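By the count of the working numbering, the sequence shown reaches residue 400 at its end, each step adding exactly one. Notes follow the structure.
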Amino acid sequence: MNIYGIKRIDLEEYFLQNGEKKFKAVQIYEWLYDKKVSSFSEMTNIKKELQDKLAKDFSFEMIKIKKKQEDKLVKKYLFELFDGNYVEAVLMEHDYGYSICVSSQVGCNMGCAFCESGRLKKVRDLEAFEMVEQVLLVEKDLGKRIDSVVIMGIGEPLDNYDNVMNFIRVINDPKGVSIGARHITLSTCGLIPKIKELAEEELQINLAISLHAPNTQLRDKLMPINKAYPLKDLIKTIKEYIEKTNRRVTIEYIMLQDVNDNETQAKELASLLKGMNVYVNLIPYNETNHIEFKRAKKTQVMNFYDILKKMGINVTIRKEFGGKIDAACGQLRSKEV
Ligand code: SF4
């Protein structure tokens, strides 16, 4: 088992079961995430026999950075996993610090029509440690702390629920990577049962919903998940989530030319979201070589924005990062290119 995927509470349980005091888990966490050692033999406050036992039970193996591409304010990392699969993560520099967008699966089964990342069907889920290590390796490469994490890279995080929850607990732990819950965002295409489960976790993380259409007919065409979990039910679930968690939800809306960017659709979206504690993030689409959609014109995006605003919806237009190195939303891949 890899040590970087273990929650502190599970490590405490491990020590108790082995006749040790549970505070040892804090000591191990401090060595891992504060002093950043890479072997148990460096943990000088752990006795030798216990170091040996830990070394038998846990590994320190790290995924590898295979390639790094840089553009203004953005770096894209390609990671090679132990089984030869690849995933990508993107580091962005903002005025308020660094954020990283991590992948949660190799490939994705959700089949969103506009998404390059989902062109490769899911090969497997990432384990928690493979997500933690994306953060640790990028922090090491950067030589600075990462301030926020978005789980919005390759994969549908709620389709890999347990591993993603473990990942969040490790990075959120004040003795772990120590990223505040309000600086962690999970983005989903709308797996209703899992959103309900997430509402029960008592985590203060941000939830982002990829909506991308103001009505169910269009959403059916863009996002096959809508056939299993239709828009009407999704909106109801989002309302319940907000009620339960008291947290504002982000609605992601990729602007596709002549598909979902006209005035009627803006009004429809505003009516759909009226009275909800949400804010809409309009995302300029990033064209790829393979997919037929075009990015909406700037005037259309502005028009759409104005209509939402006039109709009382909180809305922003996402600042663009990484289009030149295919590091933008929906452009990440699970292969070496
Ligand atoms: S947008 Fe997200 S959920 Fe949809 S196919 Fe791409 S990676 Fe999967």
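Note that the Cβ used here is the ideal one computed from N, Cα and C, for glycine as well. Please read these numbers as outputs of a predicted model, since none were measured by experiment.
Counting only runs that start and end inside the region 135–195, the beta strand (DSSP E) elements of at least 3 residues fall at 137–143, 149–157 and 160–165. Of the heavy atoms belonging to the ligand SF4, none sits nearer than 7 Å to the Cβ of Glu315. Excluding the 5 residues flanking it on each side, Pro293 has same chain C-beta neighbours closer than 7 Å at Thr279, in chain order. Within the same chain, Phe192, Val195 and Glu196 come within 6 Å of Tyr67 by CB-CB distance, once the 5 residues on both sides are set aside. Where Thr107 is concerned, there is no enclosing beta strand (DSSP E), because DSSP gives it neither an H nor an E.
Per the Cβ contact rule, the region 160–172 is in contact with the region 203–219 (3 or more Cβ pairs under 8 Å). Here Lys84 has Phe78 as same chain residues with Cβ atoms under 7 Å from its own Cβ, once five neighbours each way along the sequence are excluded.
Look at Met228 here: in three-state DSSP terms it is helix. Met155 counts as buried, since no fewer than 16 other beta carbons sit within 10 angstroms of its beta carbon. Distances from the CA of Ile314 to each of Ile376, Ile288, Leu117 and Asn172 were compared; the closest alpha carbon is that of Ile376. Judged by DSSP in its simplified three-state form, Thr308 adopts helix. CA-CA distance, Lys127 to Phe142, rounds to 5 Å.
Excluding five sequence positions before and after Ile255, the CB atoms of its chain that fall closer than 7 Å to its own CB belong to Tyr292, Asp296, Leu297 and Thr300, given in chain order.
Bridge pairing for Ile314: Ile272 and Val343 [DSSP]. Comparing C-alpha distances from Met228 to each of Glu151, Ile247 and Asp210 shows the shortest one belongs to Ile247. Within the chosen limit of 7 Å, the ligand SF4 reaches the beta carbon of Gly218 through at least one heavy atom. Assignment of Gln132 by DSSP, reduced to helix, strand and coil, places it in the strand class. According to DSSP, Val240 shares a beta bridge with no other residue.
Under a 10 Å Cβ-count criterion, Pro277 is classified as buried, with 16 or more other Cβ atoms of the shown protein chains found around its own Cβ. Buried is the label assigned to Phe230, since at least 16 other Cβ atoms lie within 10 Å of its Cβ.
The Cβ atoms of Asn344 and Tyr316 sit closer than 8 Å to each other. Cys252 has its Cβ nearer than 7 Å to a heavy atom of the ligand SF4. When distances are taken from the beta-carbon of Ser334 to the heavy atoms of the ligand SF4, even the shortest one reaches 7 Å or more. A residue is called buried when at least 16 other Cβ atoms come within 10 angstroms of its Cβ; Glu151 meets this threshold and is buried.
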